[in-house]
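Going down the list, the sequences are from chains A and B. Each position in the first sequence, counted from 1, maps to that position plus 879 in our numbering. Each position in the second sequence, counted from 1, maps to that position plus 290 in our numbering.
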Amino acid sequence: GENVEQHPSTLSVQEGDSAVIKCTYSDSASNYFPWYKQELGKGPQLIIDIRSNVGEKKDQRIAVTLNKTAKHFSLHITETQPEDSAVYFCAASREGGGNKLTFGTGTQLKVEL
Amino acid sequence: DTGVSQDPRHKITKRGQNVTFRCDPISEHNRLYWYRQTLGQGPEFLTYFQNEAQLEKSRLLSDRFSAERPKGSFSTLEIQRTEQGDSAMYLCATSGTANTGELFFGEGSRLTVL
């Protein structure tokens with residue numbers, strides 16, 4: 880089955896700096912790669928996703944890049960703000976396979992003032 | 291609130307007891323998923339339904355676990371003869387017919403087995 884590894888497990892940045900979280904996946908048939916943000920006491924919420932037919936996607940301060948050959952994808956957050964502090968999870972799945980997501984172990988992002 | 295609703299939010303039980311969690315999906319979402327999340331880990335897939343049909347179960351779902359979605363709307367997850375290792379957050383998520391890929395998660399039901 881699919882295995883997703885995520886690094887780093889914790890990340891501390893100063894407000895206004897950029898943050899980068901990296902993930903690798905094992906199943907070459909995976910073609911859908913979402914990122915979820917989980918705040919304390921809440922369920923994960925989708926913030927951005929990318930499919931294997933594109934290499935990069937951007938939404939305001941958030942961007943995701945995908946390297947299919949190397950089987951890795953990354954989340955980039957620019958101009959970080961305190962409200963970006965949360966746990967971020969990458970995930971992978973095969974579309975058409977019931978959208979069963981395999982999640983990484985998470986990155987605790989702390990944005991310091 | 292039209293989001294995914296889970297009940298109860300917290301459950302403390304003694305080892306060996308049975309527990310049941312309920313999930314009410316976003317209206318008209320035909321796919322419903324159960325995930326388990328332990329401290330410091332990402333959610334792990336347990337099972338999913340398309341309408342009332344349970345289409346896939348993870349090997350994590352032992353014989354003590356059973357999930358139902360009798361009318362294709364709400365779902366229940368029952369754990370029989372609970373063990374301390376069952377302590378976790380049980381998350382429900384749903385997705386709609388548009389199949390954008392996005393899962394909408396509830397806030398979870400936290401189980402503590404003493």
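Just so you know, even glycine gets a beta-carbon here, dropped at the ideal spot from N, CA and C.
Terminal residues of the continuous beta strand (DSSP E) containing residue i?
i      : result
B:R326 : 321-327
A:K916 : 911-917
B:T390 : Premise fails: B:T390 is in no beta strand (DSSP E) and is neither H nor E.
B:S399 : 399-403
A:E962 : Here A:E962 belongs to no beta strand (DSSP E), and DSSP marks it neither H nor E.
A:R930 : 924-930
Return helix, strand or coil for residue i, following the three-state DSSP convention.
i      : result
B:D353 : coil
A:D896 : coil
A:D906 : coil
B:Q331 : coil
Quickly, what does DSSP pair residue i with across the bridge? List them, please.
i      : result
A:N978 : Answer is none; A:N978 lacks a bridge partner.
A:T944 : A:E935, A:S953
B:L367 : B:F311, B:A357
A:L890 : A:L988
Among the options, which has the Cα closest to the Cα of residue i?
i      : options                        : result
A:E991 : A:A965, A:H951, A:T944         : A:A965
B:Y338 : A:G977, A:S931, A:A949         : A:G977
B:S377 : B:R400, B:F311, B:K347, B:S356 : B:R400
B:A357 : B:S295, B:T402, B:Y380         : B:Y380
Take every Cβ of the segment 960-976 of chain A, pair it with every Cβ of the segment 882-901 of chain A, and state whether three or more of those distances are shorter than 8 Å. Remark: three or more beta-carbon pairs, one from each stretch, lie closer than 8 Å, so the segment 960-976 of chain A and the segment 882-901 of chain A are flagged as touching.
Is the number of C-beta pairs between the segment 303-311 of chain B and the segment 932-942 of chain A that are closer than 8 Å three or more? No: the two stretches stay apart, fewer than three of their Cβ pairs being nearer than 8 Å.
How do the segment 389-401 of chain B and the segment 340-354 of chain B stand: do at least 3 beta-carbon pairs fall below 8 Å, yes or no? The segment 389-401 of chain B is not in contact with the segment 340-354 of chain B.
Does the segment 308-326 of chain B touch the segment 361-373 of chain B, meaning 3 or more C-beta pairs lie closer than 8 Å? As far as the Cβ criterion goes, the segment 361-373 of chain B touches the segment 308-326 of chain B, which means the pair count is three or higher.
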